[in-house]
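Undergrad:
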Amino acid sequence: MNDTMVTLVGNVATSVEYRDTATGGVARFRFAVTARRWDRERGAWADGRTSFYTVFAWRALGANLAASVSVGEPLVVHGRLRVREEDVSGEDGGQQEGRRRTFVDVDAVAVGHDLTRGTAAFRRVVKGEPRSMERQGNGGGGGMDRDPWEAPEAPTSPKVLEPVL
């Protein structure tokens, strides 16, 4: 395959949302990456523009991500770059009718904490461990024909995510 693979270093911008789907669980979160450059005049690093990506992680990676990552934490994300365009609906009174928005997504293959900015303790998951899912605030069940990001039909009680293999 001719996928474009990228490695991004940045910070978690939103809480990780986890949903169970017919093909396995999926986690989604927004990721902020700020370019930095050396400013010779000031003799210091200067922040550039921040780019935001939506990161998707499937199956065990998604469940482990949801159990391990919080907003603001520094991560290294490696995965397939996906760029998509969508038509803008006339939600603002038709002023943007006919315009397109561009979205940049990453289908994660590997995710880890950025150890240049802190420490982490790895916990290996034992196969066959019971899967007690989802952190508070993350959605739960997903139907076969439903979009995993739709609002649940009825309120569900929050669950705690545990890493899975």
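Residue numbers 96 to 260, in our numbering, belong to the letters of the sequence shown in order. Heads up, the beta-carbon is just placed ideally off N, CA and C, and yes, glycines get one too.
Look at the Cβ atom of residue 203, then the Cβ atom of residue 152, and state whether they are nearer than 8 Å.
TA: Yes, Cβ-Cβ distance for residue 203 and residue 152 is below 8 Å.
Undergrad: When you compare only the Cα positions, how much space is there between residue 197 and residue 212?
TA: The alpha-carbon atoms of residue 197 and residue 212 are separated by roughly 31 Å.
Undergrad: Between the C-alpha atoms of residue 100 and residue 121, what's the straight-line distance to the nearest angstrom?
TA: Answer to the nearest angstrom: the Cα atoms are 19 Å apart.
Undergrad: Please state whether DSSP places residue 146 in a helix, a strand or coil.
TA: Strand.
Undergrad: For residue 181, list the residues DSSP reports as bridge partners.
TA: 196, per the DSSP bridge assignment.
Undergrad: Indicate whether residue 108 and residue 123 have their beta-carbon atoms separated by less than 8 Å.
TA: Against a cut-off of 8 Å, the Cβ pair of residue 123 and residue 108 comes out as no contact.
Undergrad: At a Cβ threshold of 8 Å, is residue 106 touching chain C?
TA: Considering every chain present, this structure includes no chain C. It has just one protein chain.
Undergrad: Does the region 153-160 touch the region 126-137, meaning 3 or more C-beta pairs lie closer than 8 Å?
TA: Because the criterion of three Cβ pairs below 8 Å is not met, the region 126-137 and the region 153-160 do not touch.
Undergrad: Measuring alpha carbon to alpha carbon, tell me which residue in 160, 195, 179 and 176 is nearest residue 169.
TA: Answer by Cα proximity: 160.
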